Ligand SMILES: [Zn+2]
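Residue numbers (the working numbering): 599 to 760.
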């Protein structure tokens, strides 16, 4: 075969990064020397394919981000999703963003430490500390912040699990 003597011609006006393989008919990256599906030799060599790709890429600044392995020029689109708005649209109740659950967890930590059979003075001290932190968290979350977030709803209702 005189494959290596083929002219190194590339149609740079064609914006496509894929080509239909002449043997298998499936789409494959245009500037790889072998078809990705059946390894049909599309270019005489990898160097020729690379040179053709560089010529193709240089023809248009919009192609600068493309790679030989791409099937289309990568587009950097920022996908910004407003999940709160989407949840509202779907009728899902989103809890308000709050730091109080961390306080409640810190209280629960001390309460859990109080369950360890230490000396009774230590346990009572831990239980009091944990209980105070826990209650502050519950009050702050349920009675203060929730009422502030939802002023029209009935004030706080349930007391949580205290
Ligand atoms: Zn093929």
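Positions of the beta carbon are idealized from the N, C-alpha and C atoms, including for glycine.
Everything numeric in this text was worked out from a predicted model, so none of it was measured.
With 16 other Cβ atoms within 10 Å as the buried cut-off, status of residue i
{"i": "residue 631", "result": "buried"}
{"i": "residue 710", "result": "exposed"}
{"i": "residue 717", "result": "exposed"}
{"i": "residue 714", "result": "exposed"}
{"i": "residue 730", "result": "exposed"}
{"i": "residue 724", "result": "buried"}
{"i": "residue 745", "result": "exposed"}
Residue i versus residue j - alpha carbon distance
{"i": "residue 722", "j": "residue 712", "result": "7 Å"}
{"i": "residue 656", "j": "residue 662", "result": "7 Å"}
{"i": "residue 728", "j": "residue 686", "result": "36 Å"}
{"i": "residue 654", "j": "residue 622", "result": "24 Å"}
{"i": "residue 650", "j": "residue 676", "result": "31 Å"}
{"i": "residue 720", "j": "residue 683", "result": "49 Å"}
{"i": "residue 612", "j": "residue 673", "result": "18 Å"}
{"i": "residue 733", "j": "residue 688", "result": "34 Å"}
{"i": "residue 706", "j": "residue 726", "result": "11 Å"}
{"i": "residue 708", "j": "residue 737", "result": "18 Å"}
Residues near residue i in its chain [Cβ-Cβ closer than 8 Å; skip 5 each side]
{"i": "residue 619", "result": "625, 626, 633, 635, 636, 638, 640"}
{"i": "residue 615", "result": "627, 628, 629, 664, 668, 669, 670, 671"}
{"i": "residue 696", "result": "739, 743"}
{"i": "residue 660", "result": "671"}
CB contact flag (residue i, residue j, <8 Å)
{"i": "residue 743", "j": "residue 698", "result": "yes"}
{"i": "residue 679", "j": "residue 735", "result": "no"}
{"i": "residue 666", "j": "residue 643", "result": "no"}
Of the residues the options, the one placed nearest residue i, counting alpha carbons only
{"i": "residue 668", "options": "681, 690, 629", "result": "629"}
{"i": "residue 646", "options": "732, 688, 608, 673", "result": "608"}
{"i": "residue 658", "options": "707, 610, 726", "result": "610"}
Spatial neighbours of residue i in its chain, beta-carbon cut-off 6 Å, leaving aside the 5 residues before and after
{"i": "residue 556", "result": "Not covered by the structure: residue 556. The range shown for the chain is 599 to 760."}
Spatial neighbours of residue i in its chain, beta-carbon cut-off 7 Å, leaving aside the 5 residues before and after
{"i": "residue 704", "result": "731"}
{"i": "residue 692", "result": "682, 685"}
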